[in-house]
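Residue numbers 174 to 279, in my numbering, belong to the letters of the sequence shown in order.
Report on the following structure.
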Amino acid sequence: QKEEIQKVIEEEHGAKPGDQDMIAKYQWGVNKVMGGLTQEEMKEAERLAEEWRKEKPPAKVQAKTTSQKGEKYLREFAEEMWRQCGMRVAVLTAWKDGSGQTMTTQ
């Protein structure tokens, strides 16, 4: 769905992924795409969201999120712990990539 949302925004507003305008128009794009779903598609989206809330996203989704955002999340956490608690944080990570290969921090 993310790619579809980005495509709609790019077509209607000319914004490219990563542009400030893409961020500004993202909720508009979500509303446009969600408004175009059939009742059946909407029920499936709600079912999937509930499943992910109760359990966890599929391994491929986790791998993609880790590769795109994992380091940023850890850095923000470490910086916040320093600001709020005066605590330094050291993190060793390991995760599975999209093909199931175990990856670790360097």
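Positions of the beta carbon are idealized from the N, C-alpha and C atoms, including for glycine.
- 8 angstroms or more divides the Cβ of T275 from the Cβ of A263.
- The Cβ neighbour count for Q179, taken over all protein chains shown within 10 Å, is at least 16; the residue is labelled buried.
- DSSP lists A267 as the beta-bridge partner residues of T277.
- In this structure, the alpha-carbon of K245 lies about 28 angstroms from that of V206.
- Secondary structure at K189: coil, using DSSP grouped into helix, strand and coil.
- Our two residues, Q279 and G208, have alpha carbons roughly 44 angstroms apart in a direct line.
- Taking N204 as reference, the option from T238, I182 and E249 with the minimal CA-CA separation is I182.
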